[in-house]
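Residue numbers (this note's numbering): 135 to 669. Structure record follows, encoded as structure tokens.
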Amino acid sequence: MCRLTLFLIPGLLFAQDPISVSGSVRDALTGAPIAKATVILRSATQSGETKLTKSDAEGKYQFVDLASGTFFLHAEKSGYLRLGFGPSTRVIPPPQLTLKPGEKLTVPSLKLHAHSVITGRVVDEDDEPVERVMVQVAVLRGGQLAPMQGGPTNDLGEFRISGLGAGKYYLVTQGMQRGTTIDRRGYLTTYYPSTTEVAAAVPVELQAGQNAAPVVIRLQQGSLYRLRGRVQGIAGGDRSMGVRLIPRRDPAVGRMMSMGFSMNQGGLRPDGTFELGSVAPGVYDLVLTGQSGAEWGHLPVTVTQSDLDDLVILAQAPVSVRGTVRFDGETTASMANLRIFLYPALAGTSLSQAQPDAKGAFTLNEVGRQVYRMNLEPGKSAYVKRVLLGGQDRVIGGLDFSNGAADLEIVLGTKPASLTANVRREETQTAPGSVLLVPEGAAYLSGGVPLRIGIQTVAMPGPKGQFEFSSLPPGKYQVLAAESILVGVSIPEAVLKQLQSKMTTIEIEEGETKSVSLTQLSRKEMAEFGLDIDQ
135 MCRLTLFLIP
145 GLLFAQDPIS
155 VSGSVRDALT
165 GAPIAKATVI
175 LRSATQSGET
185 KLTKSDAEGK
195 YQFVDLASGT
205 FFLHAEKSGY
215 LRLGFGPSTR
225 VIPPPQLTLK
235 PGEKLTVPSL
245 KLHAHSVITG
255 RVVDEDDEPV
265 ERVMVQVAVL
275 RGGQLAPMQG
285 GPTNDLGEFR
295 ISGLGAGKYY
305 LVTQGMQRGT
315 TIDRRGYLTT
325 YYPSTTEVAA
335 AVPVELQAGQ
345 NAAPVVIRLQ
355 QGSLYRLRGR
365 VQGIAGGDRS
375 MGVRLIPRRD
385 PAVGRMMSMG
395 FSMNQGGLRP
405 DGTFELGSVA
415 PGVYDLVLTG
425 QSGAEWGHLP
435 VTVTQSDLDD
445 LVILAQAPVS
455 VRGTVRFDGE
465 TTASMANLRI
475 FLYPALAGTS
485 LSQAQPDAKG
495 AFTLNEVGRQ
505 VYRMNLEPGK
515 SAYVKRVLLG
525 GQDRVIGGLD
535 FSNGAADLEI
545 VLGTKPASLT
555 ANVRREETQT
565 APGSVLLVPE
575 GAAYLSGGVP
585 LRIGIQTVAM
595 PGPKGQFEFS
605 SLPPGKYQVL
615 AAESILVGVS
625 IPEAVLKQLQ
635 SKMTTIEIEE
645 GETKSVSLTQ
655 LSRKEMAEFG
665 LDIDQ
């Protein structure tokens, strides 16, 4: 839970041109006023100064004596979905306000959605309750199951998962060993109603504010297998290192080919060997990690109907990647707020990040020997022009460190383009939807994608349908408005090609600002193209 720290913003108490914001908080379904809701006004600046107030018996609130600037406004109340969640399973950012001196702004009602609840029981093959089984809800996004919240069953095998929006949810239990170590039988990862196959899982569909009828998940038994192997490339067994088993992501679309919870893991023996037990059939990566969590190596494995022995993980020490950032042209922009992030494209979860110094130099430490995705936001006064790794431009695609470190150079253009537009949609729609921007050369959108570095690919339209993409390099783009929220959604190449018939193509010159008007595709239309998300 985020902790809010209250600050006195200079000028709030003695502003020469008083600014005020007022409005009301209402139930999104019934329209009834919500009393005693906490209304939060947070500055959009890096300091994030925050003011709080409560709605009255009529749901009304007011902030007075405000400073000018840009702010985020939202409300919270027990029993309703928290900040960032709308009527569906997707995350929705809070409204953004730009306040000017002397302005007395009355904003549209803040609508809160009552949360939905799933309850049920987990039983064994004899219908006996099973205690301390982790049950988690997951949603289907872009063809893959994305896990959300969950919790363990009690002594009656019961579970209760709250804080959900309207949508379709899949229930999945964590696999667990059962019986003796000799027979090595156990409960496999089981999806509701009672299946070990992802394709056979049945979602529970919720309406806003609904408490679903209790469900029953009957755990499925199966054989569990053992993985044995050794680590090659280090002198002896480093007890600070460990081996983790992680469901593998498909390199083409980032899709989870098997799904699990906290992954099986174990340490190295003094002779450099390892053993993992109770492994269910599936497709995985064995990831060797150091004490800090940095990746030292990984090995793809497929578990079917037998133990796997004599596995060998080649240990290669993480590398330090040195780089520079420079502006290509005259600018008054600063690198003070620039952050550079690297994320593993396929295996592992280790993150490397750096901040350039005043001269633009930076070092990314503990980078594993694999392909990484880069994320950086150059600010509105620049754009990412080139990303040179070993002299080759990788501004589109991943950064491959399989063969070790190479010099990294980031070139920022000083005349960024921007795209502003408006989305036409039904007035009765409660969710703002999203806008997708696909740069030329980006074949598909997913975890291991050849995206263009430095480009925001999804924007959230404002209350009147307006949106903006900034910090754009010159070039061709395709843009699409959808009722679904596409933040974090993996879009396979084949689906993206089909959607092109519904996209608007634009070409932007360096430093140019263009506008476009878009009509939203409905959730039903998106589902027809293979993206059954945000139900």
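Don't be surprised by glycine CBs; every beta carbon is placed ideally from N, CA and C.
Backbone secondary structure at K114 - three-state DSSP | Nothing in the structure corresponds to residue 114, since the chain is present only between 135 and 669.
Nonlocal neighbours in the same chain, by C-beta distance under 8 angstroms from G513, ignoring five residues either side = A467, N471, L472, S605
Residues sharing a beta bridge with N345, DSSP = V251
Compute the distance between the beta-carbons of A555 and G645, then report whether it is under 8 angstroms.
-> no
Along the beta strand (DSSP E) that carries A615, what are the first and last residues, could you check?
-> 609-616
Could you name the residues of the same chain whose beta carbon sits closer than 6 angstroms to that of N537, not counting the 5 residues immediately before and after it, in chain order?
-> none
Buried or exposed (CB count within 10 angstroms, at least 16 for buried), A300 = buried
With 16 other Cβ atoms within 10 Å as the buried cut-off, status of Q464 = Residue identity check: residue 464 is Glu in the sequence provided, not Gln. Looking at its Cβ environment, which holds fewer than 16 other Cβ atoms inside 10 Å, E464 is exposed.
Give the secondary structure of K658 by DSSP, where H, G and I count as helix, E and B as strand, and everything else as coil.
-> helix
Per DSSP, what kind of secondary structure is K245 in: helix, strand or coil?
-> strand
Segment limits, beta strand (DSSP E) that includes Y477 | 474-478
How many angstroms separate the CA atom of A451 from the CA atom of G297?
-> 42 angstroms
Would you kindly check if the distance between the Cβ of V256 and the Cβ of G285 is under 8 angstroms?
-> no
Quick one: what's got a C-beta closer than 6 angstroms to S484's C-beta in the same chain, skipping five residues either side?
-> G427, A428, E429
Check the Cβ-Cβ distances between V435 and every residue of chain D, and say whether any is below 8 angstroms.
-> The structure shown has no chain D; it contains just one protein chain.
V338, DSSP secondary structure in three states | strand
Just the C-alpha distance for S396 and I380, rounded to the nearest angstrom, thanks.
-> Because the pLDDT at S396 is just 43, under 50, the model does not fix this residue reliably, and the point stays unresolved.
Supposed contact pair A280 and V273 - C-beta distance, whole angstroms, cut 8 angstroms = 5 angstroms
Can you round the beta-carbon distance between L402 and L361 to whole angstroms, since I take them to be within the 8 angstroms contact cut?
-> Not quite, the Cβ-Cβ distance comes to about 13 angstroms (not below 8 angstroms), so this is no contact.
Roughly how many angstroms separate the alpha carbons of G494 and F461, rounded to a whole number?
-> 9 angstroms
Are Y477 and Y517 close, meaning C-beta to C-beta below 8 angstroms?
-> no
Helix, strand or coil for V264 per DSSP?
-> coil
Would you call the CB atoms of L652 and V569 closer than 8 angstroms?
-> yes
For the 8 angstroms Cβ check, are there 3 or more pairs between the segment 486-502 and the segment 586-598?
-> no
Less than 8 angstroms separating the beta-carbons of F408 and V459?
-> no
Could you give the DSSP three-state label for K636: helix, strand or coil?
-> helix
Which partner residues of L126 appear in the DSSP bridge assignment?
-> What is shown of the chain runs 135 to 669, which leaves residue 126 out entirely.
Is the distance from the Cβ of I587 to the Cβ of Y611 below 8 angstroms?
-> no
Beta strand (DSSP E) segments (min. 3 residues) lying fully within the segment 500-577 | 505-510, 517-523, 542-547, 551-558, 568-573
Of the residues D441, G531, L442, the one placed nearest A479, counting alpha carbons only | G531
Can you name, in chain order, every residue of its own chain whose Cβ lies under 8 angstroms from the Cβ of G524, other than the five neighbours on each side?
-> A540, D541
Which of helix, strand or coil DSSP assigns to A428 | coil
Mapping DSSP to helix, strand and coil, what is A272?
-> strand
In the DSSP assignment, find the beta strand (DSSP E) that holds A209 and state where it starts and stops.
-> 203-210
Looking only at its own chain, which residues have a Cβ that is under 7 angstroms from the Cβ of R160, when we skip the five neighbours before and after it?
-> A166, P167, I168, G193, S243, K245
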